[in-house]
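Counting from 1, position 273 in the first sequence corresponds to residue 365 in the working numbering; the numbering is continuous, with no gaps. The beta carbon of each residue, even a glycine, is placed where N, CA and C say it ideally should be. Below is one structure, written out as structure tokens; comments come after it.
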Amino acid sequence: MGNSNKIFALVDCNNFYCSCERVFNPSLKNLPVVVLSNNDGCVVARSNEAKALGIKMGEPAFKLRDFREKYNLVIHSSNYTLYGDMSQRVMQCLAEYTPCLEIYSIDEAFLDFTGFRNKDLTAYSREIKQKVEQYTGIPISIGIATTKTLAKVANRIAKKSSKAKGVLDLVDSPYLDLALQRTDVGDVWGVGSSFTKLLETHNINNALQLKNTDQKWIRRERGIVGLRTVLELNGTSCIPLEEMPDSKKSTAVTRSFGKTVETLAELQEALSTYAYRAGEKLRESKLEAASMVVFFRTGIHNKTQPYRSWGTTVNFFSSTNDSRDLVTAARNVAENLFESGYKLKKAGVILLGLTPEAEKQLSLFEKSQQDKTRSQQLMQVMDRINNRYGRETIQLASSGIGKKWQMKADYKSPSYTTDWNQLPVVT
DNA sequence: TCTGGGGTCCTAGGACCC
DNA sequence: TCTGGGGTCCTAGGACCC
């Protein structure tokens, strides 16, 4: 198993969401900045200055008030349209430097450097870093090593160490074990909170100790996934570069409510809105869904009422991406399962069994071809209008117009790069 | 009535990721 | 008062079959 003579680079954008906000608002430079999750719930990105103030990842937003008053902390709601667009620009820039690129997340990419082993990889990476910053305004860090897991370790140190200045090559490095020793076990890629707890009770606290742990014991305790992590720390590459990721297997639209929902009518509005949007997502990627999970629940953090959740899976007669089918099913589930007397905090739909539109199997009782064409045409027209004039310009009546339950976004920046009405203005 | 292993498929839940 | 959303993979267990 594994291949020991590979070289991976991990490119990671520094404090990505905060950096995006700064590109279009340079006055934020040197100020502490945080970006909040959907619904302005908790912190999902922090500038270095905000980290220095001791603000933690995941900190609930209501705890930030003091920082705002005392330290001029700047708070932004998340603006995923902007971040998605900036991400594409960064990835395009990286693609100039290697054909073997795996876009791992909105702000990370793995590059295969195996073919470049005769180059000075540090110098090459510095060049990449400089170009990305010049073209996009986003600062990045690059870690280089013989496995993806080790490249992650290298990247973390590249980002934090003042000596590395954003680039660290651990291939054939005498400092590899030192780097592992200085990495907490919980910071290793693939080691989550439950694994960390187990390891710490066995006095395994850093990545070097994990590297040298008995592999049979790991296999027994954490299965093949845990074993892969340990092998990767030992320089055996088990997780390959995936340039062409499989097409999505599920897609979800779930939201917490800005204000709790207590009536069936409001729940149906919310679920209609999510189901409609889920249909849009399917059509954007030319997919259809065979089934849909519909769920809603009370808040987990609420101490005055017990936690309860409701949900069910709907199997469609034949796969669909018509928002009206999804909305109807979602409303029916709500009607069947709703119980009054609860403060609902979250709801959503998850689409499963995704297949390309073209491969659709015709079921015995398929809608007539005429019906299908008409449905496609209606959806196309709605999608075009909403693309041109903004999401939810037109929608189905069942989605409601008051939307008191809609999530909060009190500190949102404009969509500078993707909406003509929100371009930055030079005055 | 008794006897048994082995295989597949599906689902729910756990763990992890960003 | 106020704590996100969207994914993937693996595993165990049940149903069912031979």
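An exposed status is given to TRP512, since fewer than 16 other beta-carbon atoms sit within 10 Å of its beta-carbon. Membership of MET384 in the beta strand (DSSP E) is indicated by the continuous run 379-390. With contacts defined by Cβ atoms closer than 7 Å, ARG369 and VAL345 form a contacting pair. Residue SER233 holds the alpha-carbon nearest to the alpha-carbon of ASP104 among TRP402, TYR434, SER233.
Minimum Cα-Cα distance from ALA246 among the listed residues SER467, LYS255, VAL385, ASP261 corresponds to ASP261. Contact annotation: LYS500 and ASN131 have beta-carbon atoms nearer than 7 Å. Around the CB of ILE493, fewer than 16 other CB atoms lie within 10 Å, so the residue is classed as exposed. Note on geometry: alpha-carbon atoms of LYS252 and THR396 lie some 43 Å from one another.
Judged by DSSP in its simplified three-state form, GLY327 adopts coil rather than helix or strand.
According to DSSP, residue pairing for ILE195 in a beta bridge involves ALA201.
Remark: C-beta atoms of GLY235 and LEU102 approach each other more closely than 7 Å. Residue pairing by DSSP places ALA142 in no beta bridge whatsoever. For a cut-off of 8 Å, the C-beta gap from ILE198 to TYR175 is around 6 Å, short enough to register as a contact. For LYS340, there is no enclosing alpha helix (DSSP H), as DSSP marks it with neither H nor E. Taking C-alpha positions only, LEU291 is separated from THR241 by approximately 18 Å. Going by DSSP, ILE230 is part of no alpha helix (DSSP H) at all; its letter is neither H nor E.
A distance below 6 Å between beta-carbons, with the five flanking residues on each side excluded, links TRP281 to the following residues of its chain, in chain order: THR241, LYS244.
A distance below 7 Å between beta-carbons, with the five flanking residues on each side excluded, links GLY150 to the following residues of its chain, in chain order: CYS134, VAL135.
Within the same chain, no Cβ atom closer than 7 Å to the Cβ of ARG466 is found once the five residues on either side in sequence are excluded.
Bounds of any alpha helix (DSSP H) do not take in ASP264, whose DSSP letter is neither H nor E. Across the structure, TYR481 and ILE147 are spaced so that their CA atoms are roughly 38 Å apart. It is roughly 15 Å from the alpha-carbon of LYS289 to the alpha-carbon of TRP309. Residue environment for TYR109: buried (at least 16 other C-beta atoms within 10 angstroms of its C-beta). Bridge pairing for PHE100: ASP204, ALA237 [DSSP]. Here LEU123 really is in contact with GLU141; their C-beta atoms are around 6 Å apart, less than 8 Å. When secondary structure is reduced to three states using DSSP, ALA299 falls in the helix class. For ALA439, the enclosing beta strand (DSSP E) stretches over residues 436-444.
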